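Okay, structure first, notes after.
Protein chains in written order, with our numbering: chain X, 21 to 578; chain W, 487 to 804.
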């Protein structure tokens, strides 16, 4: 058994930012991650991070308004105000840590335009901003000497006397199971991308954190709000940054028309992501697509802009779509990208379970509401990661460890034994995950309706039933990824089910949740969050009003 | 399309210490990658196959391994490019120069220890700036070329120095070090260069180019190591075999138009270095017996003036 004051699950941007702030606050911190920190999915954020810097003539209130409008008024405005107000300081902190942001002619931080915003306020490192931030935060973690349990996998959260008191973890290399006792746990384990197939998300994004927090008694919020990114590659789902459109790339249909003129005449390709994805899907559905895709055209940007600012997508297009973006447009389509919803937290990351915090994509503060603006996710991870770390490290100073023993791991040990002893002939994790992913993508994508969502829900429950006899062929202790993936699949069902039941509950269209059978936004009845709680009868739903401060809901057009 | 794989398997729980090859044959789409194949194997064919992979788009750095003997990322290697023309299988093995944990999973702890050894964090002794550091965009764009390193270890896998000397810091850690030495915001250059000048550092690279070939992100680790050598010498760190070797080499070519092979080893070690000079004596005797001692009289080549002009021009443009 190991003891730490604050235990952080996940070593992406949110987790490492939380670790640094807690460490700076003088407590004993450890980070656990199922992959090495620099392998985390924050890597994949390409385009940038938003901040309204006052000395550039920008105003955080404008950023807040763009975010609120982008959220289709489902974001909580108190939280959005905090995020936008603290954004500038966070970006400067990251620069001072060593991030090599692109500069303007005077050598100060340069910006690029991004979707859904009236100002260019996205700070960036070429088109690998997430990687640049992640590697620099890891540098700071090394410098601070924070203990990292690399390639340790979380099996469950420990709740004692109503408080979160640690976690049960498996060391992947040895297969050994350990109890780690903590006075506070910060869940920063990322999103649920792989619940959908395809997805832009890495294979590690399996919703472990959301599911475990849910099982421990925390609430999930806004789960129906799943972002489909407008520019992903067909088949693999690999992401092409919004930065391409920020730099001026066009979207074209099969007739060579810049179709966004008809959907968002002012913002065109840089309307909010939900708007652009819907427009693309409409074009495709109405027969103006090309093999299920529309085209992203970067040719007119010129080789220098592409080399200096879009180098990674040049590689990606070449390697994964066989396209030279300086010569041809890239076929793209909307693809699952981000979960706006997650573990409900307050502005300091606290969940409904005392001692359990959450930050980053796994959490829902809610700053993204019905639709996240591009380049707000990196910001969310840093601001609320830092705030969670700060609050948790303050709180643990007056708390002693709960009475936790190694017996806390017994249930997980039994569960694993159960999985390993399932008979040969049962389904394998891969096939089950594909089935679930397909029904999610078929029925809970850009356009939804009652019947489709009901189909998805019954499919999820049916797959989950078959999972009880899932077969794990690898019985070894050492680096048994087969066992891990099977456990991960178990976590994914809670997430998938929450998305489907929340989608069925919301009887309107808002943000990313667009129902063809209920196409209008209904502020009178649905200007509220949907919460999902775990109960003996399955997911139980509640509603919560949206926090409105200064910005009253308006008709949303771009 | 039928694709054949030959994968080096190792499971310490069952066959310590032997590893062995196992063959697989898959039906795959033309556009598939080697990683697609490995995932297909572990999901549908043989669930016991272990490998690391995550992002599938060459940014997380998890899936470096040897494909047909060469350090590569499985996720951006297309099967159609990797399939040998003779119809043989694509040979997949764990990354080299690392201990294998299981199948294609290797132990990265030494890799990270070396990265940590170069103190890879920005060190600025000035007062905390109130806003961002002001820095030229060209410098940042230049560093972006190094920062795009994803720490996959493909370079380390193929490094020929590490094959014989596991203490060498290696291409990834040294490229990381360059990222700070080249950063105008970092002012620990002298300490960094002094440390990198030590044994196992910048002078141990043999310039074999393998790391440059293997790097999937165009980081050019060897080029960065060469830049570090330049910077170290410019900063006055000339008291090493490597620095003396480079100085004498250049001077010899600059004066006579070609290398003085007789003096080169002597000058590299340092003429006043008695211990090293004594060690050279048996080498000299063996060379003499084999008739391989170069002529001690180093004459200028015909047309040496042209070489001098090139030399002077290069020196001036440094």
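Ideal Cβ placement from N, Cα and C applies to all residues, glycine included. Note that the structure is predicted; figures quoted are calculated from it, not measured.
- When C-beta atoms of the segment 776–795 of chain W are compared with those of the segment 738–745 of chain W, three or more pairs fall below 8 Å, so the two segments count as touching.
- Residue-level contact by beta carbon fails for residue 658 of chain W and chain X, as no gap is shorter than 8 Å.
- The beta-carbon of residue 647 of chain W is placed no less than 8 Å from the nearest beta-carbon of chain X.
- Any Cβ of chain W closer than 8 Å to the Cβ of residue 439 of chain X would place that residue at the interface, and such an atom is absent.
- For secondary structure counted as the beta strand (DSSP E) over 3 or more consecutive residues, the segment 489–526 of chain W holds these complete runs in sequence order: 506–513.
- Contact of residue 159 of chain X with chain W by beta-carbon distance below 8 Å involves 606, 607, 608.
- For the options X/381, X/336, X/305, the alpha carbon positioned closest to that of residue 354 of chain X is the one of X/305.
- Two segments are said to touch when three or more pairs of C-beta atoms, one from each, lie closer than 8 Å; by this definition the segment 555–562 of chain W does not touch the segment 646–661 of chain W.
- Boundaries of the alpha helix (DSSP H) harbouring residue 518 of chain X: 501–525, taken from the DSSP string.
- Counted as a single uninterrupted DSSP element, the beta strand (DSSP E) harbouring residue 172 of chain X occupies residues 172–180.
- When the Cα atoms are used, residue 311 of chain X and residue 531 of chain X turn out to be separated by approximately 26 Å.
- In terms of CA proximity to residue 202 of chain X, X/29 leads the group X/29, X/401, X/89, X/346.
- Nearest to residue 128 of chain X by alpha-carbon distance, out of X/134, X/546, X/119, is X/119.
- By the criterion of at least three beta-carbon pairs nearer than 8 Å, the segment 537–554 of chain X is not in contact with the segment 399–413 of chain X.
- For residue 588 of chain W, the C-beta contacts it makes with chain X under 7 Å involve 498, 499, in order along the chain.
- Taking a Cβ-Cβ threshold of 8 Å, the residues of chain X close to residue 529 of chain W are 448, 449, 450, 451, in chain order.
- For residue 354 of chain X, no chain W residue has a Cβ inside 8 Å of its Cβ, as the nearest lies near 18 Å away.
- Residues are counted here when their Cβ sits less than 9 Å from a Cβ of chain X; for the segment 531–550 of chain W these are 532, 533, 534, 535, 536, 537, 538, 539, 540, 541, 542, 543, 544, 545, 546, 547, 548, given in chain order.
- DSSP places residue 279 of chain X in no alpha helix (DSSP H); its state is neither H nor E.
- In the three-state scheme derived from DSSP, where H, G and I count as helix and E and B as strand, residue 356 of chain X is classed as strand.
- A contact between stretches requires three or more CB pairs, one per stretch, nearer than 8 Å, and the segment 476–493 of chain X fails this requirement with the segment 314–324 of chain X.
- Flagged as an interface residue toward chain X: residue 498 of chain W, by a C-beta distance shorter than 8 Å.
- Residue 126 of chain X sits in coil when the DSSP states are folded into three classes, being neither helix nor strand.
- Distance from the CA of residue 192 of chain X to the CA of residue 235 of chain X, rounded to the nearest whole angstrom, comes to 23 Å.
- Fully contained in the segment 335–397 of chain X are the following beta strand (DSSP E) runs of length 3 or more, in chain order: 350–359, 362–364, 376–378.
- Rounded to whole angstroms, the separation of the alpha carbons of residue 654 of chain W and residue 753 of chain W is 24 Å.
- In the structure shown, residue 28 of chain X adopts extended strand secondary structure according to DSSP, grouped into three states.
- Closest by C-alpha distance to residue 206 of chain X, out of X/212, X/225, X/238, X/221, is X/238.
- Taking the Cα of residue 139 of chain X as reference, the smallest distance to any Cα among X/150, X/87, X/225, X/189 is reached at X/87.
- The beta carbon of residue 491 of chain W sits no closer than 8 Å to any beta carbon of chain X.
- The C-beta distance from residue 26 of chain X to residue 164 of chain X rounds to 13 Å, too long to fall under 8 Å, and the pair is not in contact.
- In the same chain as residue 34 of chain X, and ignoring 5 residues on each side of it, the C-beta atoms closer than 6 Å to its own belong to 208, 379, 380, 401, 405, in chain order.
- Here DSSP, grouped into helix, strand and coil, assigns residue 183 of chain X to strand.
- With the criterion set as a beta carbon lying under 8 Å from some beta carbon of chain W, the segment 27–53 of chain X has no members that meet it.
- Listed along the chain, the chain W residues whose CB falls inside 8 Å of the CB of residue 328 of chain X are 627.
- Here the segment 595–603 of chain W does not lie against the segment 512–523 of chain X, with fewer than 3 beta-carbon pairs under 8 Å apart.
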